[in-house]
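For reference, the structure discussed in these notes is given below.
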Amino acid sequence: MDSIIVTGNGPLSGQIPIAGAKNACLTLMPATLLSDEPLTLTNAPRLSDIRTMTALLASLGAEVSSLQDGKVLAMSSHDLTSHKADYDIVRKMRASILVLGPMLARDGQAVVSLPGGCAIGARPVDLHLRALEALGAELDLRDGYVHAKAPGGLKGGVIEFPFVSVGATENALMAATLAKGTTVIRSAAKEPEIVDLALCLRKMGAQIEGEGTDTITVQGVDRLHGATHPVVTDRIELGTYMLDPSICGGEVELLGGKRDLVGAFCNKLDEAGIEVTETGRGLSVKRREDHIKAVDVTTEPFPGFPTDLQAQMMALLATADGVSVLEEKIFENRFMHAPELMRMGAKIDVHGGTATVTGVDRLKGAPVMATDLRASVSLILAGLAAEGATTVSRVYHLDRGYEHVVRKLQGVGALIERVPGA
Ligand code: UD1
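Take 26 as the starting number for the sequence shown in the working numbering and just add one per residue.
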């Protein structure tokens, strides 16, 4: 298995281009199953999760061509040859559950493996299933699979989520586009990825109102047609690279970055003493002073502080002046990066969903292990600011969500290299 070696070497400067959003692309791709006409996505990120979704769609009979070095995905689902999403693929990537709603809406049948647990908590799919039942789906859970049927087609209904779920909102939204009648989704997720999905579905002929608010209303249509859609900018990749100059000093411009994608995160950076400026091409980031101030952070659904930036923020706060308290409200067990940061000299106390971080002067390089996608990049950020070399192993996690991470960081002057495994 490959490792990444990063050596702290002071201020960074230059530009980093931000890719299309992994999480948006992973819900836009299954939308191809809703139509027998082609759906083309531009600005797609080049990531292993996208290749996994490609394999899943292909296993159902969709054609997915990766063009322009992977930046364009040309998809076509003329006839589905299978309605079964197999455990072998679903276990690799939880987002596989997003094929359930579209398949059911189009053909009235779907069999999808339950994703099982994952490194950042139990992560059930009960909300996805309840939403589809509200649209008239008949579900049977056996042998680790959801067997779903809607013999006369899905029917519009009221879906009232008990709390916000990004994936369940996406599944419900896609299914509702072809359901007969009106669907109202309450306590819907408001993430930019949901808005992007609604934009794309509308280009395909769907009738949707209210995306980006708590309530989404969908008027079902008989069929959807083809479309071309650019994937929205990845706000998590953006936030992650905004932390490079925050941690190391210097100034970095994030090309394609927009403040409204990362508003709550920018507010916390401002409190910590980081300046974010809109440049017309993106966002430019630098420290206001030499020192970073401690800040308290609570993760929340959008527009709150994203859980997917919590680990990276912890890496920044590890060397802040004072004590920061980080509360993780979305996922249990999402502090697995803390013990690894502690191996680098960070002072962190974890109690349940709360981590208390007491800033130290400097971190020291150490061998550390990536435990999940965002944890792995937080270790790289910490390594950029540490004294000496940090070796991050198990970097396959990183390949799921960050394209060309080594090249992008080398481009702003970081000392970082990827070393092939034995
Ligand atoms: C998506 C993102 C992930 C991000 C998360 C929260 C993708 C591919 N992944 O994940 O990067 O961290 O949103 O912003 O877009 N829950 C249930 N039952 C369900 C569904 C969810 O209890 O049926 C719980 C989850 O365990 C979690 C919370 O709801 O505690 C929110 O999860 P959700 O928003 O659904 O996350 P994902 O869509 O899986």
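All C-beta atoms, glycine included, are put in the ideal place defined by N, C-alpha and C. The structure displayed is predicted, hence computed values, not measured ones.
I need the boundaries of the beta strand (DSSP E) containing residue i, first residue and last residue.
i      : result
His376 : 372–376
Lys394 : Here the sequence assigns Met to residue 394, which means Lys is not the residue at that position. Its beta strand (DSSP E) spans residues 392–394.
Val444 : 440–444
Thr32  : 28–32
If you reduce the DSSP assignment to three classes, tell me which class residue i lands in.
i      : result
Ser403 : helix
Leu268 : helix
Ala44  : coil
Thr383 : strand
Thr430 : According to the sequence provided, residue 430 is Val. The question's Thr does not apply to it. Helix at Val430.
Gly281 : coil
Gly436 : coil
Would you kindly report the start and end of the unbroken alpha helix (DSSP H) that includes residue i?
i      : result
Pro364 : 362–368
Ser60  : It is not in any alpha helix (DSSP H) - Ser60 carries neither H nor E in the DSSP assignment.
Ala289 : 288–297
Thr83  : The amino acid occupying residue 83 in the given sequence is Ala; Thr does not appear at that position. Start and end: 73–84.
Asp424 : 421–424
Which residues does DSSP pair with residue i in a beta bridge?
i      : result
Val89  : Met100
Glu412 : Lys389
Gly275 : Leu37
Thr302 : Ser309
Thr67  : Pro255
Val417 : Ile29, Val393
- Message: I'd like the ranges of any beta strand (DSSP E) spanning at least 3 consecutive residues and lying wholly in the region 97–183.
- Response: 97–101, 134–138, 163–167, 170–174
- Message: My parser needs the alpha helix (DSSP H) runs of 4 or more residues fully inside the region 311–360; what are they?
- Response: The qualifying runs are 335–342.
- May I have a chain-ordered list of the beta strand (DSSP E) segments no shorter than 3 residues that lie completely inside the region 182–257? 183–185, 207–211, 232–234, 241–244, 252–255
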